[in-house]
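Residue numbers (my numbering): 1 to 204.
Just so you know, even glycine gets a beta-carbon here, dropped at the ideal spot from N, CA and C.
Everything numeric in this text was worked out from a predicted model, so none of it was measured.
Scroll down for the structure; my scribbles are underneath it.
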Amino acid sequence: MLDGAVRRQLDPILNRLGAALAGRGVSADAITICGLCLGLAAAALIAWQEYVAGAVLILSSRLCDGLDGAVARASRKTDFGGFLDIVLDFAFYGAIPLAFITADPAMNGLAGGFLLFAFYVNGSSFLAFAVIAAKRALSTEIRGAKSIYFTTGLAEATETIAFFLACCLFPGWFPALAAIFAAICLYTAVSRIVLARLTFRDGQ
Numbered sequence: 001m002l003d004g005a006v007r008r009q010l011d012p013i014l015n016r017l018g019a020a021l022a023g024r025g026v027s028a029d030a031i032t033i034c035g036l037c038l039g040l041a042a043a044a045l046i047a048w049q050e051y052v053a054g055a056v057l058i059l060s061s062r063l064c065d066g067l068d069g070a071v072a073r074a075s076r077k078t079d080f081g082g083f084l085d086i087v088l089d090f091a092f093y094g095a096i097p098l099a100f101i102t103a104d105p106a107m108n109g110l111a112g113g114f115l116l117f118a119f120y121v122n123g124s125s126f127l128a129f130a131v132i133a134a135k136r137a138l139s140t141e142i143r144g145a146k147s148i149y150f151t152t153g154l155a156e157a158t159e160t161i162a163f164f165l166a167c168c169l170f171p172g173w174f175p176a177l178a179a180i181f182a183a184i185c186l187y188t189a190v191s192r193i194v195l196a197r198l199t200f201r202d203g204q
């Protein structure tokens, strides 16, 4: 929901940094992989209950997630780069809830499991929509130039990062925050199913 507004503020800065990195020969794929490594390091810190340090690395990881696209736009966009970005993003989004479960299984296990279920459903609705949209040669740049069709929703990257940071700052609230955010993700998935029903009617 907030990604569009955030992109308008950050894209000019990221594009300048991306052009500078591309000029020095840094590849978008390398930044994508670096972002995952930082995200996994954040997950490890959270699992060890080093929540503030984990939050710092979450922000660093998501900076890489914004920079890889900027570098690709300044150099060369590839289908593999778009594929890698999506897969590693999903790995990051799964690693952080798993880290909170690991940090305190008794307190966080049920809520964390519910959250991972909601992420799974929401992610599958996003990817399935993109697949059918590609089949029908649909395109959109509502979230900027992307390798696949991006549908908007109540729970997008900005909301997810804010949720992760809130959990790091208030780890004792994780069960409640996770349950609320899981419900938001499921609502987003349902709204995407409704959109698909309206968009992919046979014969239209």
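Taken in chain order, the whole alpha helix (DSSP H) runs of length 4 or more contained in the segment 20-52 are 28-47. For the 8 Å CB-CB criterion, I101 and G109 form a contact.
By the Cβ criterion, the segment 36-48 is in contact with the segment 84-96, since at least three pairs of Cβ atoms, one from each stretch, lie closer than 8 Å. If you compare the alpha carbons of L186, F80 and P171 with that of A155, the shortest gap goes to L186.
By the Cβ rule, the segment 57-67 does not count as touching the segment 180-195, because fewer than three pairs are nearer than 8 Å. Under the three-state reduction of DSSP output, A55 falls in the helix class. Our two residues, P171 and A137, have alpha carbons roughly 44 Å apart in a direct line. Out of S191, L84, G112 and V26, the CA that lies nearest to the CA of F126 is found in S191.
When the alpha-carbon of A130 is set against those of A176, T160, A53 and I86, the nearest one is in I86. At the C-beta level, G112 and A178 come within 8 Å of one another.
When rounded, the separation of the alpha-carbon atoms in T199 and A22 is 38 Å. Counting other Cβ atoms within 10 Å of its Cβ, D68 reaches 16 or more and is therefore classed as buried. The alpha carbon of P175 has as its nearest neighbour, out of T158, M107, E159 and K135, the alpha carbon of M107. Within its own chain, the residues whose Cβ lies closer than 7 Å to the Cβ of A91, once the five positions on either side in sequence are excluded, are L36, listed in chain order.
Contact check for G81 against L14 fails: the beta carbons are separated by 8 Å or more.
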